[in-house]
Every structure is written in C-alpha cells, then in structure tokens.
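Heads up: the sequence shown begins at 84 in the numbering used here, then just goes up one per residue.
Ideal placement from N, C-alpha and C gives every residue a C-beta, glycine not left out.
Data first, discussion second: the structure below is written as structure tokens.
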Amino acid sequence: TKVPVAVDAQELKINSNRLNRALENAKIKCDWLICDSVDVQMYNKRTSIESKAALNFSMAMNHVNTIMKRYSTQHPRIMVDRHGGRTNYRNDLQLCWPDAEIQILCEDSEMSRYRMQLGKSLATVTFASKSDEKHLPVALASMIAKYTRELKMIRLNRYFQNEIPELEPTAGYVKDGRRFLKEIEPFLADKGINRELLVRSS
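Below is the structure:
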C-alpha cells in the first residue's frame, strides 16, 4: 500500500520538517519505530491455548525485550499502558525474564513500576493507566498500531473488491464486518478460502 494515504505528500514533508525542528529544539530524538501485527490465524491459534490478555502481554514484552537488548548499556525507561486494570506484574515479568532481578518500585492505583537487572543491563518498566494521554512514545505507539490496522484494511478491501466489484468496503468493525462477510461468503466458498482466516475467535 502506497503511503501516505490520507494527506498530501508535499504537505506531509512540510509538517515533517516542522516536527524535526521542534524535536531538535527540545533535544528529543525519535530513534526507532516498530509495529508487530498479529494476523487472525495466529491470533486464533494463540488464544486457543491462552487468554487474549496473555497474548497482548506477551507481544508487549517482546517489544520490551527488544528495547532492553538494543539499549542494554543505557538503562532504558519503558512506559507501557496498563493491561486490563491490573496492578501486579512482577510475577509475569519474572516468567518472561527468569534470570532477572526484579525490584518493585511502586504498585498502586496510578502505576506499577519495576526495576529489572539482567546481568549488567538495567531497565525500568512502568505500567500506567491512560499512558497514551500522558506519554508521547505511548501515544505514538497507539497511532502506529491504528495506522497499521487501517493499511491492512485497505489491502483487504482492495483484494475483495477486485474480485467482487460491487462489494462495499468495510472498516472491519462488528456490524459492518458481518455484512461484509455475508457478501463475500460465496466467493470464499468458490475459492476454498477458510472463513476462519478472516474472523477472530474471541
């Protein structure tokens, strides 16, 4: 999918230059952006043996692990949006890093913060409610995830509309998603495409 999809490329270039100047003046550097997506097949397979919350936590901790390795000598401070209102994450962190020394710095209604030492590497991980409203990196992560979803929906719609020209596109949410699935069912059956490849089990 060609990007950008919703703004003029020249306008985006101007805004990008303005942002770069603002970041430079504030001595902020965006070093790295990454997004992992879980397709329906993987999601259904994983949630057949673990909860959705466990899958979300596992994917988030994959990113934490990558950050810890990439910045192993710099004591990264990592902000994570709180998962389902929980306040205790120490045991789950220990399962992810069995050899780490994990110290509880704070566990209350506002945040849960832990210091993890793995060999000579040190990292502080904080889980806090509404982190995307308070911390720019978390807000950016949320936007990247949503943007990635939209790009995938564009591809999905393009594929099926090429095969079924009269088909109306879908944003993929429940009510309209059901309409979309009903309209493409004859095509799926004809091509032998498993409907479960398009529908989450939970």
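Under the three-state reduction of DSSP output, Ala211 falls in the strand class. Between Ala228 and the set Asp215, Glu133 and Arg129, the nearest pair of CA atoms involves Asp215.
For Leu219, the enclosing alpha helix (DSSP H) starts and ends at Leu219 to Glu246. Distance from Asn171 to Ser195 at the Cβ level is roughly 7 angstroms; contact confirmed, criterion being Cβ atoms closer than 8 angstroms. Cβ contact annotation for Pro252 (same chain, cutoff 7 angstroms, sequence separation greater than five): Asn240 and Gln244, in chain order. For the pair Ser120 and Thr231, the CB atoms are nearer than the 8 angstroms cut-off. Per DSSP, reduced to three states, the secondary structure at Ser141 is helical. In the structure shown, Cys189 falls within a strand segment according to DSSP collapsed to helix, strand and coil. Comparing alpha carbon positions, the residue from Trp115, Gly260 and Thr156 closest to His146 is Trp115. Looking from the CA of Thr84, the closest CA among Glu246, Ile247 and Leu234 belongs to Leu234.
The shortest C-alpha to C-alpha distance from Glu249 to any of Arg101, Cys179 and Ile267 is the one to Ile267. Taking C-beta separations shorter than 7 angstroms and ignoring five residues to either side along the sequence, the partners of Trp180 in its chain run Met199 and Leu201, following chain order. DSSP places Tyr197 within a strand segment (E or B) once states are collapsed to three. The C-alpha of Pro269 is placed about 19 angstroms away from the C-alpha of Gly255. Closest option to Gly168, judged by alpha-carbon separation, among Phe140, Glu279 and Leu95: Phe140.
With distances taken between CA atoms, Met236 lies nearest to Leu281 out of His218, Leu281 and Lys213.
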